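Chains as they are written, first to last, in the working numbering: chain A, 1 to 323; chain B, 324 to 646. Don't be surprised by glycine CBs; every beta carbon is placed ideally from N, CA and C. Just so we're clear, the structure is a prediction, and the values are computed from it rather than from any experiment.
Protein chains: 2
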Amino acid sequence: MSTTSVMPSPIHQPFDLDAWSRVRLAEVEAALDRWVTADVPQGLDHGAPAQLVEAMRYAVLDGGKRLRPLLVLAAQEAVDIQGAGGAAAGQHAALRAACAVELIHAYSLVHDDMPCMDNDVLRRGKPTVHVRFGEASALLAGDALQALAFELLTPQDGSVPETIQARLCASLARAAGSAGMAGGQAIDLASVGLPLTEVQLREMHELKTGALLQASVMMGALCGVSNVQAATALHAYGRAIGLAFQVVDDILDVTADSSTLGKTAGKDADNNKPTYVSLMGLPASRAYAQRLLHQAQAALDGSGLAQTRALSALADMVVNRAS
Amino acid sequence: MSTTSVMPSPIHQPFDLDAWSRVRLAEVEAALDRWVTADVPQGLDHGAPAQLVEAMRYAVLDGGKRLRPLLVLAAQEAVDIQGAGGAAAGQHAALRAACAVELIHAYSLVHDDMPCMDNDVLRRGKPTVHVRFGEASALLAGDALQALAFELLTPQDGSVPETIQARLCASLARAAGSAGMAGGQAIDLASVGLPLTEVQLREMHELKTGALLQASVMMGALCGVSNVQAATALHAYGRAIGLAFQVVDDILDVTADSSTLGKTAGKDADNNKPTYVSLMGLPASRAYAQRLLHQAQAALDGSGLAQTRALSALADMVVNRAS
């Protein structure tokens with residue numbers, strides 16, 4: 001019997017996702033609190049108007065599971081040992097990327113909740129931004145959050161190499177834009193009440209939520225150095241959990257109540273929106289989510305990366321969450 | 324008498340702005356037509372949904388004076404002789420920057436025209452985007468245009484050095500965001516019906532329109548190499564014409580008719596918005612615009628740059644335009 005057979009594989013070592021997340025989330029919350037402000041940036045004459053920043057902070061701070069930031073940080077951790085410019089520089093870049101991705105997510109929720117879109121009044125248990133601040137302010141706050149995301153990726157203090165800044169901007173812009181999140185929302189909008197095939201539904205979700213989740217993983221990977229094998233694996237991982245996230249979202253929309261979700265449950269069904277549950281039924285949707293989880297884990301197993309425990313635990317959390 | 328005294332200064336040589344603009348605008352229009360598309364970008368699974376791209380193209384193509392792109396290209400021309408990586412590379416970067424700035428401007432108009440903001444139905448002589456495509460599509464098209472601006476600045480084909488990509492993104496993000504254009508719009512929104520001082524009015528406009536006009540100049544300058552003297556001069560030039568543009572806009576709002584403007588005239592006065600004309604009267608507003616023009620020209624004269632004729636002619640056009 002060789003010694004390797006009695007050594008536990010790294011992937012099966014116990015990993016405390018809650019403890020890991022607590023530390024990372026504290027960093028993310030503090031960074032968001034610091035970076036979403038009305039302070040006058042160096043080299044500019046003016047700060048941001050206080051009332052706009054108030055709406056931006058309301059939209060971003062103190063709410064949400066922060067899944068996307070955690071994916072960025074977990075992916076950076078996976079490639080950190082080979083990090084360019086050292087671990088500390090990679091971690092700082094990843095923290096900026098984590099916040100930038102969250103700002104894009106937050107802006108999309110603000111705009112998505114507006115009367116001309118989903119017309120939702122409740123988000124994370126609080127009145128939505130347009131209910132609290134008015135429609136015009138919600139529109140502007142969302143616009144400003146998108147711009148701020150790219151500000152965070154391009155610090156002028158030398159803390160992130162400009163080559164990394166450029167690649168992070170490239171990745172985020174494509175994930176947010178017409179061939180990503182905004183495009184998926186446009187398909188969603190056009191498909192209300194229409195019968196979609198599973199292929200069409202998957203395509204919509206790959207853009208609407210998948211692109212930004214996948215970009216989170218890839219942006220984390222950009223904050224270190226990964227080889228082709230690792231990058232391909234992280235790409236497959238990101239795609240699988242991106243899809244799984246939406247499948248589970250659709251399941252929770254019909255199985256959870258509003259207070260658990262922190263938003264209006266049953267909304268998609270009421271709006272006659274196509275979902276995985278309406279298309280394939282609840283049991284098959286649950287089985288599909290588990291298949292995607294296995295795909296994500298298999299991708300990590302084949303990545304050649306040692307530190308994938310956080311990514312693995314996050315995939316499990318995405319699929320087996322209750323809200 | 325020395326020979327220098329009979330040589331005409333470069334700034335006084337005749338310069339045909341119309342001919343110069345025609346060539347540059349043809350490049351910009353062709354580039355926008357090429358880059359605002361539903362094509363599947365390399366390395367992505369999906370293209371953008373056709374209906375979203377249709378609204379984006381409607382908002383961007385075939386309309387507008389393209390002042391911001393022209394400023395980018397004129398500023399790049401001014402620093403081109405010292406261009407990093409050669410003139411052709413600098414010109415390509417500048418063309419991307421020119422289009423990116425125009426996309427930000429176009430998205431701001433789409434959102435600004437929406438019912439929850441200015442509720443305008445006419446823009447450049449055509450129905451506004453929300454009238455033509457609906458509010459939800461207008462919202463998404465604006466969001467996607469902002470993301471596309473950053474896509475254009477970060478080509479993945481090696482045509483623009485990543486250090487330049489990063490600096491262009493940094494400049495554009497700050498000009499578009501809460502301490503720039505979006506911030507100015509928020510102040511504008513909050514100030515309807517309120518008495519503003521000239522200082523407050525100038526601060527609002529420096530953010531709302533000035534920041535992006537100034538960024539256009541500075542982004543053009545980033546596509547070459549300029550020294551501190553030149554950069555300082557271009558900064559002062561950009562600030563002066565940014566302000567002048569808004570002063571003249573306010574003048575035209577009361578002196579021109581809707582068909583000349585291509586948008587609803589007299590709108591600001593009707594909405595009880597503070598303007599330079601309402602604050603200082605028409606004659607003083609006109610004198611102020613001329614003072615700003617002289618400031619802009621003086622900045623160019625002290626820049627140490629030889630090729631500032633296009634920038635000079637654009638400043639003149641900004642102040643003395645009829646629409």
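Taken through DSSP and simplified to helix, strand or coil, P127 of chain A comes out as strand. A distance below 7 Å between beta-carbons, with the five flanking residues on each side excluded, links V540 of chain B to the following residues of its chain, in chain order: L394, A398, L557, Y560, G561. Below the 7 Å Cβ cutoff, chain A contributes no neighbours of A398 of chain B, its closest Cβ being approximately 18 Å away.
Partner residues in a beta bridge of L396 of chain B, as assigned by DSSP, do not exist. Separation of the CB atoms of M114 of chain A and L462 of chain B is rounded to 7 Å, and the pair is thereby assigned contact status at 8 Å. In this structure the region 162 to 179 of chain A does not touch the region 125 to 138 of chain A; the number of beta carbon pairs closer than 8 Å is below three.
A distance below 7 Å between beta-carbons, with the five flanking residues on each side excluded, links A636 of chain B to the following residues of its chain, in chain order: F338, L340.
Three or more Cβ pairs drawn from the region 174 to 181 of chain A and the region 197 to 216 of chain A lie within less than 8 Å of each other, which places the two stretches in contact. In the structure shown, L279 of chain A falls within a helical segment according to DSSP collapsed to helix, strand and coil. Annotation: the continuous alpha helix (DSSP H) that includes G238 of chain A extends over 228 to 255.
Taking C-beta separations shorter than 7 Å and ignoring five residues to either side along the sequence, the partners of A421 of chain B in its chain run V351, P392, V395, L396, following chain order. The criterion of a C-beta distance shorter than 8 Å is satisfied by L628 of chain B and A401 of chain B.
Judged by DSSP secondary structure, S178 of chain A falls outside any alpha helix (DSSP H); it is assigned neither H nor E. Under DSSP, the beta-bridge partners assigned to L445 of chain B are B:P450. The C-alpha of S285 of chain A lies about 20 Å from the C-alpha of L194 of chain A. Judged by pairs of C-beta atoms under 8 Å, the region 444 to 451 of chain B does not touch the region 409 to 428 of chain B, as fewer than three such pairs exist. Closer than 8 Å to the CB of A412 of chain B there is not a single CB belonging to chain A. Only residues of its own chain outside the window of five on either side were considered, and among them R202, H205, E206, G210, L292 have a CB closer than 8 Å to the CB of L243 of chain A, listed in chain order.
The straight-line gap separating the alpha-carbon atoms of E102 of chain A and A149 of chain A is approximately 8 Å. The beta carbon of G387 of chain B does not come within 8 Å of any beta carbon belonging to chain A, so the residue lies off that interface. Proximity of chain A to V376 of chain B at the Cβ level (cut-off 8 Å) is accounted for by S178, in chain order. Contacts between D436 of chain B and chain A, judged by CB atoms closer than 7 Å, are missing: the closest CB pair is about 11 Å apart. Taking A467 of chain B as the centre and dropping the five residues before and after it, the same chain places the C-beta of L375, M379 closer than 7 Å to its C-beta, in chain order.
Q290 of chain A and R357 of chain B have their C-alpha atoms spaced approximately 42 Å apart. Residues G64, R68, L212 of the same chain have their beta carbon placed closer than 8 Å to that of H105 of chain A, with the five preceding and five following residues left out of the count. By the Cβ neighbour-count rule, G90 of chain A is buried, with 16 or more other Cβ atoms within 10 Å of its own. With respect to chain B, the C-beta atom of T163 of chain A has a partner C-beta closer than 8 Å.
For F150 of chain A, the chain B residues whose C-beta falls within less than 7 Å of its own C-beta are F473, C492, A496, listed in chain order. In the three-state scheme derived from DSSP, where H, G and I count as helix and E and B as strand, C223 of chain A is classed as coil.
Rounded to the nearest whole angstrom, the C-alpha separation of W20 of chain A and A310 of chain A is 8 Å. Assigned with DSSP and collapsed to three states, L519 of chain B falls in coil, not helix or strand. Residues of the same chain with their beta carbon placed closer than 7 Å to that of E485 of chain B are lacking, with the five preceding and five following residues left out of the count. Contact of P450 of chain B with chain A by beta-carbon distance below 8 Å is absent, the smallest such distance being about 17 Å. The distance from the Cβ of V319 of chain A to that of V248 of chain A is about 6 Å, consistent with a contact at the 8 Å cut-off.
Using a 10 angstroms sphere on the CB of H434 of chain B, the tally of other CB atoms reaches 16 or more, which defines it as buried. Nearest to A579 of chain B by alpha-carbon distance, out of B:E521, B:A645, B:G506, is B:A645.
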